[in-house]
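One gets this note's numbering by counting positions in the sequence shown from 1 and adding 95 to each. Beta carbons are placed, not taken as given, at the ideal position from N, Cα and C, and that holds for glycine. These notes concern the structure reproduced below.
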Amino acid sequence: MPLENTKSNQDSGITGAAKFVTSTVGNTVGGVGRTAGNVVGAAGRGIGDTITGATGSAGKPVGDALGSVGTGVQDGAAGVSKGVENAVPKFAIIEI
């Protein structure tokens, strides 16, 4: 009787458990990174808006720069987080 090499057979036992664990770890790390980026981004924009509001046109360039830095950090963290979520399950598959 030939052994079937189907996806259901490949994703069972230890291999399936390893895929689940690595996927969960990747998604968790990605989510934490994205959350941290969102917090830093919002804080940067908030500080920038506060500076602009408090100083008027004189402080607008500084306020806008801080807001842009916050947005850049947020976007960068989102990109890295997505990369982690996509990469971990592909590289951590154990074949037995």
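Closest Cα partner of residue i within the set the options
| i | options | result |
| --- | --- | --- |
| K177 | P156, N122, I142 and R140 | N122 |
| L161 | G141, T130, K114 and I109 | G141 |
| D170 | F115, V134, V116 and T150 | V134 |
Sequence-distant residues of its chain with Cβ nearer than 8 Å to residue i (five each side left out)
| i | result |
| --- | --- |
| G154 | I146 and T147 |
Under 8 Å between C-beta atoms of residue i and residue j
| i | j | result |
| --- | --- | --- |
| G136 | G158 | no |
| G139 | V175 | no |
| V179 | G125 | yes |
| R129 | A182 | no |
Residue i Cβ short of 7 Å to the ligand ADP heavy atom set
| i | result |
| --- | --- |
| G132 | Inclusion of the ligand ADP in the displayed structure is not the case, the ligand content being empty and no account of it being possible. |
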